[in-house]
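Here the protein sequences come in this chain order: H and R. For the first sequence, the working numbering gives the first residue as 1, with consecutive numbering after it. For the second sequence, the working numbering gives the first residue as 1, with consecutive numbering after it.
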Amino acid sequence: MASQKNYSSESDEKLVRASQRGQRLAFEELVARHRDKIYARAFSMMRHEDDALDLSQEAWIKGWQRLKQFQGESSFVTWMTRIVINLCLDQLRKHKRQRAESIEQLEADSGGVERQMPVVENNPTEGLERGELRQRIDKALGQLSHEHRTVLILHEFEELEYKEIARRMECSIGTVMSRLFYARRRMANLMAAYKREELS
Amino acid sequence: MNTEFELQLQAYLDGELPQAEARAVSARLQGDPTARTLLSELTTTKRWLAGNEPPVHVPESREFYWSKIDRALDRIEKAAAAAAGDPRPDDPLTAPACAYACARALARLFQPRSWRFLAPAAGAVLAVGLALLLFKPGTPAPADDPDHYMTETETLSEDTTAFAFRSQRDNMFVVWISNKESPSSPEDELPADVDMYYQ
């Protein structure tokens with residue numbers, strides 16, 4: 001019976017084609033396969049479990065609705081990641097919610113704040129195991145504003161160019177560059193602070 | 001070192017500079033130890049970030065996570081089918097449209113995320129209460145439309161308005177509560193878990 005077909009051994013490409021024909025079980029397999037990645041991207045941008053769940057599920061729903069538009073220029077998971085990123089960006093735009101963050105944002109965007117940060121000369125991650133390093137990165141990312149974190153994620157993890165980030169975030173390339181610069185310098189200083197805490 | 005050069009240095013690191021500018025930065029770096037130190041910090045940061053994104057997993061089982069998506073897809077397909085087959089597609093009170101609007105209004109009302117788990121219970125209590133008030137046995141539906149019935153009703157709060165809607169044909173009863181000061185905006189998206197809020 002077609003509805004009982006086991007899709008777990010099929011490739012993404014085959015599953016996408018079956019989903020495009022309306023096979024929901026094939027789509028379920030795609031969701032099961034990539035849900036962590038899509039959820040992780042939503043969580044990294046929103047830093048809120050419920051928001052990340054809602055947005056990642058909404059991304060899958062939109063993915064299903066737009067499947068016919070997927071032509072395979074990129075991998076399916078890259079395509080889905082772009083959808084969830086856009087949903088997160090929309091959500092962040094809707095919710096400009098933290099006043100403190102806005103002040104920080106204004107200061108950071110006007111430039112100069114990062115100049116007060118000392119340059120970190122020694123690698124603050126030296127000697128850390130991968131798990132510890134990731135934990136500290138996570139902690140430091142959590143201390144950035146949404147705007148700085150998003151630029152950093154899109155550049156370092158999604159490997160998007162300045163121009164593409166500017167387009168997605170609806171800001172200028174100059175803003176992307178200054179946000180990225182601030183985010184990197186702040187990350188370096190936070191990691192150095194964690195190192196000092198560890199040693200003291 | 002000014003801000004402009006700092007950003008240029010970063011673009012140099014990211015390979016975003018045209019060749020001529022990259023050569024100029026490279027030349028300047030030779031005689032500028034401060035710039036070299038900053039470039040070293042930026043390079044190190046970029047390196048330890050690469051490939052070390054903290055891993056995160058969906059905090060729900062495969063089945064539960066999928067079930068919410070599956071139900072949403074069912075609703076969308078039903079709404080599409082109903083819209084396609086509805087004899088009065090322009091009627092704003094058709095069941096799918098109304099259910100959608102009610103769900104959005106309720107979702108907005110219970111927006112603080114930590115409250116949302118109370119929403120289904122509160123919605124059910126409200127629905128039952130209003131049903132008792134509004135639909136006493138023998139209450140006739142408007143003569144011109146026996147299938148649809150919608151009415152505004154009083155609420156205890158001055159900040160909200162409530163409408164009750166019943167469709168006999170679709171065997172559906174919904175209560176639509178909205179904030180007077182922040183009316184629904186049509187561009188808002190339907191939350192994925194919206195089925196929690198209507199019945």
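Each residue gets a CB set at the ideal place from its N, CA and C atoms; glycine is no exception.
What is the C-beta distance between residue i and residue j, in whole angstroms, given that I count them as a contact (C-beta under 8 Å)?
i: E121 of chain H; j: T37 of chain R; result: 6 Å
i: P124 of chain H; j: A42 of chain H; result: At roughly 28 Å, the Cβ-Cβ gap does not stay under 8 Å, so P124 of chain H and A42 of chain H are not in contact.
i: L9 of chain R; j: T43 of chain R; result: Between T43 of chain R and L9 of chain R the Cβ distance is about 10 Å, and since that is not below 8 Å, they are no contact.
i: W64 of chain H; j: F27 of chain H; result: 6 Å
i: R186 of chain H; j: L144 of chain H; result: 6 Å
i: R179 of chain H; j: E147 of chain H; result: 6 Å
i: K68 of chain R; j: Q57 of chain H; result: 6 Å
i: K62 of chain H; j: I38 of chain H; result: Not really, about 11 Å apart at Cβ, beyond 8 Å.
i: L29 of chain R; j: M177 of chain H; result: 18 Å between Cβ atoms; not a contact.
i: N52 of chain R; j: R134 of chain H; result: 5 Å
i: V56 of chain R; j: A18 of chain H; result: Not confirmed; about 28 Å, so no contact.
i: E49 of chain H; j: P59 of chain R; result: 6 Å
i: L89 of chain H; j: M169 of chain H; result: 6 Å
i: L160 of chain H; j: R149 of chain H; result: About 14 Å; that fails the 8 Å criterion.
i: L25 of chain H; j: A59 of chain H; result: Contact flag wrong, Cβ pair sits at about 19 Å.
If you follow the alpha helix (DSSP H) that residue i is part of, which residue opens it and which one closes it?
i: H34 of chain H; result: 24-46
i: G63 of chain H; result: 49-65
i: S67 of chain R; result: 62-85
i: T45 of chain R; result: 33-49
i: S26 of chain R; result: 19-30
i: I137 of chain H; result: 130-142
i: E147 of chain H; result: 146-152
Report the three-state DSSP secondary structure of residue i (helix, strand or coil).
i: S19 of chain H; result: helix
i: A166 of chain H; result: helix
i: E88 of chain H; result: Note that residue 88 of chain H is Cys in the sequence shown, not Glu. If DSSP states are grouped into helix, strand and coil, C88 of chain H belongs with the helices.
i: M117 of chain H; result: coil
i: S178 of chain H; result: helix
i: H57 of chain R; result: coil
i: P142 of chain R; result: In this predicted model, P142 of chain R has a pLDDT of only 43, less than 50, meaning its place in the structure is not dependable; the value taken from the coordinates is given anyway. Three-state result, P142 of chain R: coil.
i: M187 of chain H; result: helix
i: M1 of chain R; result: coil
i: E6 of chain R; result: helix
i: F76 of chain H; result: helix
i: E198 of chain H; result: helix
i: Q69 of chain H; result: helix
i: K94 of chain H; result: helix
i: L160 of chain H; result: coil
i: Y12 of chain R; result: helix
i: K5 of chain H; result: coil
i: T125 of chain H; result: coil
i: E10 of chain H; result: coil
i: D91 of chain R; result: Here the model assigns D91 of chain R a pLDDT of 46, short of 50, so the residue's position is not dependable, and the following value carries that caveat. In this structure, D91 of chain R counts as coil in the three-state DSSP scheme.
i: A192 of chain H; result: helix
i: K136 of chain R; result: The predicted position of K136 of chain R is uncertain, since its pLDDT is 46 and thus under 50; a value taken from the coordinates is nonetheless stated next. DSSP places K136 of chain R in coil when its eight states are reduced to three.
i: N52 of chain R; result: coil
Alpha carbons only, please: which of the options is nearest the one belonging to residue i?
i: S44 of chain H; options: H:Y194, H:L15, H:I85, H:N6; result: H:I85
i: G22 of chain H; options: R:F5, R:L73, R:V58; result: R:L73
i: V77 of chain H; options: H:A32, H:R136, H:H146, H:S200; result: H:A32
i: S8 of chain H; options: H:E29, H:R136, H:K14, H:V16; result: H:E29
i: L39 of chain R; options: H:K195, H:A188, H:D90; result: H:A188
i: R47 of chain H; options: R:E41, R:L49, R:P54, R:E60; result: R:P54
i: E202 of chain H; options: R:Q30, R:W176, R:A50; result: Outside the shown range of chain H, which is 1 to 200, sits residue 202 of chain H, and nothing can be said about it.
i: R196 of chain H; options: H:R136, H:E73, H:G142, H:V176; result: H:R136
i: D12 of chain H; options: H:S74, H:Y39, H:T150, H:R130; result: H:S74
i: L55 of chain H; options: H:Q116, H:E164, H:R35; result: H:R35
i: K68 of chain H; options: H:G174, H:V16, H:A59, H:C88; result: H:V16
i: F5 of chain R; options: R:A35, R:A27, R:V56, R:P18; result: R:A35
i: E202 of chain H; options: R:W48, R:V58, R:A79; result: This structure gives no information on residue 202 of chain H, because the portion of chain H shown stretches from 1 to 200.
i: L17 of chain R; options: H:I173, H:L190, H:E198; result: H:I173
i: P118 of chain H; options: H:E49, H:L190, H:S200; result: H:L190
i: R66 of chain H; options: H:Q20, H:H95, H:D51; result: H:Q20
i: I153 of chain H; options: H:F181, H:S200, H:K5; result: H:F181
i: N2 of chain R; options: H:D51, H:Q116, H:K5; result: H:Q116
i: A22 of chain R; options: R:W176, R:E63, R:A11; result: R:A11
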